[in-house]
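In this note's numbering, the protein residues as written are 8 to 96.
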């Protein structure tokens, strides 16, 4: 869906960082779904996820399921411990 159809108000940047302003923005829709768009293209496409899909993704990321995206093996011990050990701390 084009993000511009969702309006300009209410978008948030929960994962903003020192990346030159290229962030993912999110909008919680009135029916509980969540829209994601690229902040540098606010009129571009928005991906729409159900509450359950977003909750599952966030819980999985917190549990380390996406650690492979960081280029590290989450099963190897680092100076800060394994992914499970870091999350338990």
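No residue lacks a Cβ here, since even glycine has one placed at the ideal position from N, Cα and C.
| Check | Outcome |
| --- | --- |
| Could you tell me the distance, in whole angstroms, from the CA atom of residue 10 to the CA atom of residue 72? | 28 Å |
| Since residue 63 and residue 40 are thought to touch, with beta carbons under 8 Å apart, how far apart are those beta carbons, to the nearest angstrom? | With a Cβ gap of about 14 Å, residue 63 and residue 40 do not count as contacting. |
| Considering residue 66, what are the terminal residues of the alpha helix (DSSP H) in which it resides? | 58-69 |
| By how many angstroms is the C-alpha of residue 15 removed from the C-alpha of residue 45? | 13 Å |
| Going straight from the alpha carbon of residue 30 to that of residue 42, what length do you get? | 14 Å |
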